[in-house]
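Single-structure report; data block below.
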Amino acid sequence: MPRTNDEVARLLDELAVLTEIAEGDPNAFRVRAYQNAHRAVLGLDRDAGEMSEADLARVKGLGKSTAAKIREYVQTGTIAKLEELRAAHPRGQRDLLKVPGLGAKTVGLLQATLGITDLPGLQAAIDDGRLAGLPGMGAKTVENLAAAIGKLGLTSKDRRVPIADAMSVAERTVAVLAHVPGVVDAAYAGSLRRFRETIGDLDLLVATDDPEPVRTTFLALDEVDRVIGSGETKTSVVTRDGLQIDLRVVPPGSFGAAMVYFTGSKAHNIRLRQRALDRGLTLNEYALAHHDDTAEVIASVTEEDVYAALGLPWITPELREDDGEIEAATAGQLPDLPTLADIRGDLHVHTDLSGDGHEPLERMVAALVDRGRDYVGITDHAENLTINGVSRAAMEAQRLRLRELEQRRGDVRLLHGAELNIGVDGSLDYDPAFLATFDWLVASVHSHFGRSVAEQTARVVAAIREPSVTAIGHLTGRMVGRRPGIELDVEQVLDAAAETGTAIEINASLHRLDAPATVVREGLARGACFVISTDSHRIGDLDRMRFGVAQARRAGASKDAIVNTLDADRFLAWIDAVRGA
DNA sequence: GCCGTTTTCGGCCCGACTGTTTTCAGTCG
């Protein structure tokens, strides 16, 4: 992603926020135009700084006015309109907008009536009673605002939690709600279902004709810290961990329309609703219906029904970002995405031979076969990872056990592999001759995360170019929401991988999801191939393969770019081709 | 501010909940 695009996108976002304050309306057309322009720039595959005004204006979502602003920024380093808005609306007003319950209208009212333009000013007005004197400001509203300010940073509008944290809460809560009497269906939706890396709030959906027991059960959950609001069909709470959960209850006949609606994204939904209007229909969370007095329902029960009635194939949630998926669906060009059932092998698995593994080889293999794997790569840490790695002699002994086990079982191909450690200088464990005796080798970065782009790129490319290495594990080393990855020249790394045929891992751990979807997408464009792996250290980890599949789907990877969708014979032939190359 | 295989002007997605209103505005998703 060109640096200019990030900067321009940030400025367009600021323009949207400041315009929202200036116009006093988050739905003002100009605000939405800037938001669309923001997304359009983030979606560019070229450097906006190198594009002419005319080229920019031709991009969908950018027009004459925004194109001129982008050129103005590139040439002068500033945008007059933005400076004007910054002068009229101090920094503190943007903080006010982040307070839950405070919107653009009220922020404008505060400035116009009391001259308040920041959080300390608002707090003072609450404390001395001036706020309560404003029209529309009853005791309850003031009380809610005071509480919201106290919790700011814990539950503010821009706080996001890593997907791993949200997923566990979501799956637990959905399981509880699914067992409430009368519940026909229960699921999570929103950005979690779209498989975004971080989640703003959790959207849960329940189908039932009897909403009250669902609400009662939900509000009684142990995690619930406080209730934001609760009506007949919609209840919002905040958990002790500060995660907001929105629960919606709909009649079973509306579940499909509701899932479309609450899965989003907002931009995807707007496109669908525009598409509905073009067809004389209207789409809401209850149904796709005729846009007339009859309001006759066209589709509502399943998502497939709704998409079909809009002339589209069902679009997988991971792609619903209005990032070209609707155009691709219209043209019948959606990628042939992998599903969990397509996964034939797991090629990154540890046993108790690794210091951090927990299961003996035999039990791990049995669990893998239970999960339908036809081939498996056993990849314990090699010797250079000093804490957990194992010696050459131990590797050779494991290989004998592996061959014997494969013979004895006869129902799975066992590849003897290792997870090599990519040293700070790009060096690998053992020696090239010994490396060549392995069936499969994953090479990964485990240390020295703070080096320069040039150093990191060189060490990873060196590993890619080692002929015996078949895959690069968790490419960036990032931990979602906790640790940034190493800085890489991604294009250079992906080009090297495409050239040598070395697969890039899609690590299925929700904490990693590495390579990131944006990198996978870039790799697909550059002809690289990928392997979805669980990096399991215990049997339970094997079940996260589905998350790796979701990550691949989010990147828009078709099955033929994922090498472990190949059957065993083709997969082994693929390894030979890569190592011969 | 953007957009147009009916449009270059006149549109622009839809509904729930709260708190304050006697019929609705603001916020949120």
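Take this note's numbering: the final residue in the first sequence is number 598, and no numbers are missing along the way. All C-beta atoms, glycine included, are put in the ideal place defined by N, C-alpha and C.
Per DSSP, what are the beta-bridge partners of residue i in this structure?
i	result
W457	G434
D220	D263
F547	I521 and I579
H398	E436
A488	V459 and A520
T256	V241
M496	R500
T215	P179
S208	In DSSP, S208 forms no bridge with anything.
K251	R265
V599	Any answer about residue 599 is impossible in this case: the structure gives the chain only from 18 up to 598.
D310	BP columns for D310 are empty, so no partner.
What are the boundary residues of the alpha helix (DSSP H) that residue i is part of?
i	result
R27	R20 to E40
L113	R108 to L114
F272	F272 to T280
T190	I180 to A195
D322	E320 to A326
D125	Looking at the sequence shown, residue 125 is not Asp but Gly. Its alpha helix (DSSP H) spans residues A121 to L131.
D295	K283 to D295
K157	A156 to G167
R82	The sequence as given places Ser at residue 82; Arg does not occur at that position. Its alpha helix (DSSP H) spans residues K81 to T93.
T299	Per DSSP, T299 belongs to no alpha helix (DSSP H); it is in the beta strand (DSSP E), L298 to L300.
E205	A quick correction: the sequence has Tyr, not Glu, at residue 205. Looking at the DSSP string, Y205 is not in any alpha helix (DSSP H); the run it does join, the beta strand (DSSP E), is V200 to Y205.
H55	F46 to L59
L385	L378 to D387
L73	E70 to R75
W591	A585 to G597
V537	A534 to A542
R563	M562 to R571
Rounded to whole angstroms, how far is the Cβ of residue i from the Cβ of residue j, which I believe are closer than 8 Å?
i	j	result
A326	L305	5 Å
V407	G362	The pair is not a contact, with the Cβ atoms about 22 Å apart (cut-off 8 Å).
S461	I489	7 Å
G60	D340	6 Å
L298	H285	Rounded, the Cβ-Cβ distance is 17 Å, inconsistent with contact.
T401	D446	Before going further, note that residue 401 is Asn rather than Thr in the sequence given. Yes, they are in contact, since the Cβ atoms of N401 and D446 sit about 4 Å apart, within 8 Å.
E302	S271	7 Å
V241	T256	6 Å
I'd like the list of long-range same chain contacts for residue i, defined as Cβ closer than 7 Å, with 5 residues on each side in sequence excluded.
i	result
E379	L422
A165	V116, P117 and G118
I38	H106, Q110, L114, A121, V124 and G125
S282	R211, R337, E338 and D339
D322	G273 and A316
Output needed for residue i: all residues of its chain with C-beta closer than 6 Å, excluding positions within five of it in sequence on either side, in chain order.
i	result
F564	A525 and L527
V178	I216 and L260
L79	A54, A57 and L73
V548	L364, A488, A520, E522, V580 and N581
Q52	A33
E40	none
A84	E70, L73 and A74
Out of the options, state which residue places its alpha-carbon closest to the alpha-carbon of residue i.
i	options	result
D30	L99, A237, G372 and D369	L99
G494	L530, Q509 and S317	L530
I360	H55, L61, T582 and G199	T582
A206	A237, R337, V193 and D353	R337
V223	F212, F235, H465 and R213	F235
G199	L385, V231 and H491	V231
D387	E376, V429 and Q128	V429
R88	A71, E101 and R103	A71
V497	A275, G155, W591 and A532	A532
H491	D506, L139, D552 and T517	D552
P152	L139, T130 and T95	T130
V441	R476, T347, D586 and A156	R476
P269	D309, A312, A293 and V318	V318
E516	G544, V536 and L219	G544
S469	G502, I556 and L221	G502
H112	T95, Q140 and M184	Per the sequence shown, the amino acid found at residue 112 is Asp instead of His. Among T95, Q140 and M184, the Cα nearest to that of D112 belongs to Q140.
Suppose the cutoff is 8 Å on Cβ atoms and the five residues either side in sequence are ignored; what does the same chain contact list for residue i look like?
i	result
V159	I143, L148 and A149
H398	H367, S371, G372, D373, N405, G406, V407, A435, E436 and N438
I287	D339
T356	V566
L419	L378, I395, L431 and H433
M154	L148
Looking at the unbroken beta strand (DSSP E) that takes in residue i, where does it start and where does it end?
i	result
E364	Correcting the residue type first, residue 364 is Leu in the shown sequence and not Glu. Residues G362 to V366.
R243	V241 to S247
I315	V314 to A316
Y447	Segment: none, Y447 is in no beta strand (DSSP E) and carries neither H nor E.
H307	L305 to H307
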